[in-house]
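Q: Protein chains in written order, with the UniProt record's numbering: chain A, 1 to 94; chain B, 1 to 94; chain C, 1 to 94; chain D, 1 to 94; chain E, 1 to 94; chain F, 1 to 94; chain G, 1 to 94. Don't be surprised by glycine CBs; every beta carbon is placed ideally from N, CA and C.
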């Protein structure tokens, strides 16, 4: 399999643990160099967050497992970059 | 023939395999350095995705075959860059 | 735990001490290289500010404590970057 | 005559050959370093595409001839850069 | 105290002295490397200006004093950067 | 006189010669390093084009003469940069 | 006095001399490295132009005098940068 360089996830999580804890837990996983989490929506019990994960060889199963362990669930994988080179989506006239 | 440096495809695919699997399968093909896939629309059975492929010498037939093998179909080739140099579309007053 | 590289906080504070004082107090904390504070809203007694904190290894508890000491309260942590590399949120079609 | 460094063409073409074939055919012409083709409009029989051509010394007659050979027609030349240096249009308050 | 690297002030000033004079007077203060002043609003007697001050170690009291001496008043401090590194506000989905 | 580094002209020209020919003719004039021409409006007999000319020491009279020789007329000089350094217009709150 | 690094002027001028002449006259003044002039509005007798002047040590009185000599008048000084470093206005949420 080729290397996953970057993933963008839409995730529904409880308020606890905080996005700080989740970011720190994800960013120490093998193959991950850094994690960004931003709040998209806040409800009474839960919050929708957007997680951007970068690395040299991201292990998606490990990511999914870590997210499940904090009581959160992945709504969708919105963007993925794989291969030797980190490729961005080309802006085109959709 | 000259080298294909970058392709942007509009593709309709079933939910499985995931865009992660498809990105990994495409990104190991000869002449491809990296692949980006982003979700554009999600329906009950299928999802429309935008695939940006970069490489030194992309083999379109191989790409088409790989996409067909995962049960997906190419709606359109929206943008192509060919030649020695990777040229972007010049923004002009359309 | 991995290193917090950047935090964005939404904070409600009294007019005094000023954002200059708060920025100076935060920016001398261990693991912090710089702080930006911008005014988002001003009310009679309080003001809502956005605090962007960058560093090599930010200690969130220390930040929270410092903010409480100046009589302010953290409304929310809006964005966090953790890991070896400072990763930004990838703009996607939300 | 001075060197044509870049051309932007508005072209009406039949669905076949594809923009991949046309890009590859144009990009091997003398004086051309790379070609970008993007789809602007699709009709039942034809499609309107925008072709951006870059090179050190583009031969417009050769380009025109190649485009005619694939059954396409140049609607207009929308932008041209000529000379020793590749100059972009300066954004001004039109 | 840590170093103030940049300040943005909203200031109400009389027409005289001009923003040229005020910029020159501020920019020679210790710890200041440069000053930008732009006109935001002009009234019969006064004008509202935005002052961006950069330096290695800005002395806010000295700035305030200089502004008062030219007959102007600081409406608000809109943005501040402090610390070893000049940090910008992170654009987030407010 | 100091050197003209860049000119932006609004020009009304007949359809022939093409903007390719005009760009090539202008770009070989002394003191000019490159020329960009983009189509702004097309009428039955004429077209309005925007010409961006860059060089080390542009001779405006020579430019005007060349434009007149192709049967075109300069509507206006919309932007000019002169001096040792090529200076752009500073975006301000007009 | 500290050095003026950049000035933006709103100027009302007669059609003659042209903005080319005015740019050339200003750009040879001591302490000025380059001048940009763009047309903002054109009336029957006059035109409103925006003049961006950059240099190491601009002499405003000399600029004002030169502008008066060509029959033009400075409406306002819209932006000024002074000091050792050329500082831009920081975009903030006005």
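1. What is the residue span of the alpha helix (DSSP H) that residue 67(G) lies within?
2. Taking a cut of 9 Å between CB atoms, which residues from the segment 77 to 93 of chain D lie near chain F?
3. Can you give the beta carbon distance from residue 22(B) to residue 52(B), rounded, assuming they're within the 8 Å contact cut?
4. Checking contacts by CB at 7 Å: is residue 72(G) closer than that to chain F?
5. Going along the segment 37 to 61 of chain F in order, which residues come within less than 8 Å of chain D, judged by CB to CB distance?
6. With DSSP collapsed to three states, give me the class of residue 78(F).
7. Run through the DSSP bridge pairs and tell me what residue 11(C) is partnered with.
8. Around the C-beta of residue 6(G), are 16 or more other C-beta atoms found within 10 angstroms, so that it is buried, or is it exposed?
9. Give a yes or no on whether 7 Å exceeds the smallest Cβ distance from residue 19(G) to chain F.
10. Could you give the residue range of the alpha helix (DSSP H) that holds residue 27(B)?
11. If we call anything under 7 Å between Cβ atoms a contact, is residue 14(B) one with residue 46(B)?
12. Excluding the 5 residues preceding and the 5 following residue 31(G) in the sequence, name in chain order all residues of the same chain whose CB lies nearer than 7 Å to its CB.
13. Tell me the residue span of the beta strand (DSSP E) that contains residue 41(B).
14. Would you mind giving the Cβ-Cβ distance between residue 87(D) and residue 79(F), rounded to the nearest angstrom? I have them listed as a contact below 8 Å.
15. Should residue 63(G) be flagged as near chain F, meaning a C-beta pair shorter than 7 Å?
16. Taking residue 48(G) as the reference, give the member of 91(G), 75(G), 27(G) with the closest Cα.
17. Can you confirm whether residue 11(G), when its beta carbon is compared against all beta carbons of chain F, has any partner nearer than 7 Å?
18. On the premise that residue 50(C) lies in contact with residue 96(E), defined as a C-beta separation below 8 Å, what is that separation, rounded to the nearest angstrom?
19. Buried or exposed: residue 3(E), going by 16 or more other Cβ atoms within 10 Å of its Cβ?
20. Who are residue 86(A)'s beta bridge partners in DSSP?
21. Would you say residue 31(C) reaches chain E, if we count a Cβ-Cβ gap shorter than 7 Å as a contact?
22. Assuming residue 83(G) and residue 34(E) are in contact, meaning their beta carbons sit under 8 Å apart, how far apart are those beta carbons, in whole angstroms?
23. Using CA coordinates, which residue listed in 41(G), 91(G), 26(G) is at the minimum distance from residue 61(G)?
24. Cα-Cα, which of 85(B), 92(B), 11(B) is closest to residue 42(B)?
25. Could you tell me how far apart the beta carbons of residue 28(E) and residue 20(C) are, in whole angstroms, since I believe they sit closer than 8 Å?
26. Pop quiz: residue 93(G) and residue 38(C) are said to be a contact at Cβ under 8 Å. What is the actual Cβ separation, rounded to whole angstroms?
27. Given residue 40(F), which residues of its chain have a CB within under 7 Å of its CB, disregarding the five upstream and five downstream residues?
28. Have a look at residue 72(B) and residue 63(F) and give me their C-alpha separation to the nearest angstrom.
29. What residues of chain C sit near residue 6(A), judged by a beta carbon separation below 9 Å?
30. Pull up the distance between the alpha-carbon of residue 81(D) and that of residue 81(E), whole angstroms please.
A: Taking the coordinates as given:
1. Sequence index remark: in the seventh chain, residue 67(G) carries index 67 (1-based). Here the alpha helix (DSSP H) through residue 67(G) covers 60 to 69.
2. 77, 78, 79, 80, 81, 82, 83, 84, 85, 86, 87, 88, 89, 90, 92, 93
3. As a working mapping, residue 22(B) is identified with position 22 in the second chain. As a working mapping, residue 52(B) is identified with position 52 in the second chain. No, residue 22(B) and residue 52(B) are not in contact; Cβ-Cβ is about 13 Å, not under 8 Å.
4. In the seventh chain, the residue the question calls residue 72(G) occupies position 72. Chain F, which has no Cβ nearer than 7 Å to the Cβ of residue 72(G), makes this no.
5. 37, 38, 39, 40, 42, 50, 52, 53, 54
6. On the sixth chain, residue 78(F) is found 78 positions in, with the first residue counted as 1. Note: residue 78(F) maps to strand in three-state DSSP.
7. Stepping through the third chain from its first residue, residue 11(C) is reached at position 11. Answer is 49(C), 74(C).
8. Translated into positions along the seventh chain, residue 6(G) becomes position 6. Residue 6(G) should be labelled buried.
9. Taking the seventh chain and counting its residues from 1, the one referred to as residue 19(G) is at position 19. So, interface residue.
10. Counting from 1 along the second chain, the entry for residue 27(B) is found at position 27. Run containing residue 27(B): 19 to 27, per the alpha helix (DSSP H) assignment.
11. As a first step, residue 14(B) is located in the second chain; it is residue number 14 there, counting from the start. As a first step, residue 46(B) is located in the second chain; it is residue number 46 there, counting from the start. Their beta carbons are under 7 Å apart, which means residue 14(B) touches residue 46(B) by this criterion.
12. Indexing the seventh chain from 1 puts residue 31(G) at position 31. Excluding sequence neighbours, residue 31(G) sits near 55, 56, 57, 58, 59.
13. As a first step, residue 41(B) must be located in the second chain, where it is residue number 41. Looking at the DSSP string, the run of the beta strand (DSSP E) that includes residue 41(B) is 32 to 42.
14. To locate residue 87(D), count along the fourth chain from 1; it is residue 87. To locate residue 79(F), count along the sixth chain from 1; it is residue 79. The Cβ separation is near 13 Å, so there is no contact.
15. Residue 63(G) sits at position 63 when you count from the first residue of the seventh chain. Output row for residue 63(G): interface = no.
16. Here the question's residue 48(G) lines up with position 48 in the seventh chain. Minimum Cα distance to residue 48(G) is reached at 75(G).
17. If you number the seventh chain from 1, residue 11(G) lands on position 11. No, because no Cβ of chain F sits closer than 7 Å to the Cβ of residue 11(G).
18. No statement about residue 96(E) is possible, as the shown extent of chain E runs from 1 to 94 and does not include it.
19. Taking the fifth chain and counting its residues from 1, the one referred to as residue 3(E) is at position 3. Under this definition residue 3(E) is a buried residue.
20. By 1-based counting over the first chain, the position of residue 86(A) is 86. In the DSSP output, where bridge partners are listed per residue, residue 86(A) has none listed.
21. By one-based count along the third chain, residue 31(C) stands at place 31. Not closer than 7 Å to any Cβ of chain E, the Cβ of residue 31(C) fails to qualify, so no.
22. Residue numbering aside, residue 83(G) sits at position 83 when the seventh chain is read from its first letter. Residue numbering aside, residue 34(E) sits at position 34 when the fifth chain is read from its first letter. That belief holds up - the Cβ atoms of residue 83(G) and residue 34(E) are roughly 4 Å apart, short of 8 Å.
23. As a working mapping, residue 61(G) is identified with position 61 in the seventh chain. Among 41(G), 91(G), 26(G), the Cα nearest to that of residue 61(G) belongs to 26(G).
24. Here residue 42(B) refers to the residue found at position 42 of the second chain. Ranking the options by Cα distance to residue 42(B), first place goes to 11(B).
25. Your numbering for residue 28(E) matches position 28 in the fifth chain. Your numbering for residue 20(C) matches position 20 in the third chain. Residue 28(E) to residue 20(C), Cβ: 21 Å. No contact.
26. Taking the first residue of the seventh chain as position 1, residue 93(G) is located at position 93. Taking the first residue of the third chain as position 1, residue 38(C) is located at position 38. Correct: roughly 7 Å between the Cβ atoms.
27. Sequence index remark: in the sixth chain, residue 40(F) carries index 40 (1-based). Answer for residue 40(F): 48, 49, 50, listed in chain order.
28. In the second chain, residue 72(B) corresponds to position 72, counting from 1. In the sixth chain, residue 63(F) corresponds to position 63, counting from 1. Between residue 72(B) and residue 63(F), the C-alpha separation is close to 56 Å.
29. Translated into positions along the first chain, residue 6(A) becomes position 6. Near residue 6(A) (Cβ distances below 9 Å), the residues of chain C are 87, 90.
30. Translated into positions along the fourth chain, residue 81(D) becomes position 81. Translated into positions along the fifth chain, residue 81(E) becomes position 81. Answer to the nearest angstrom: the Cα atoms are 43 Å apart.
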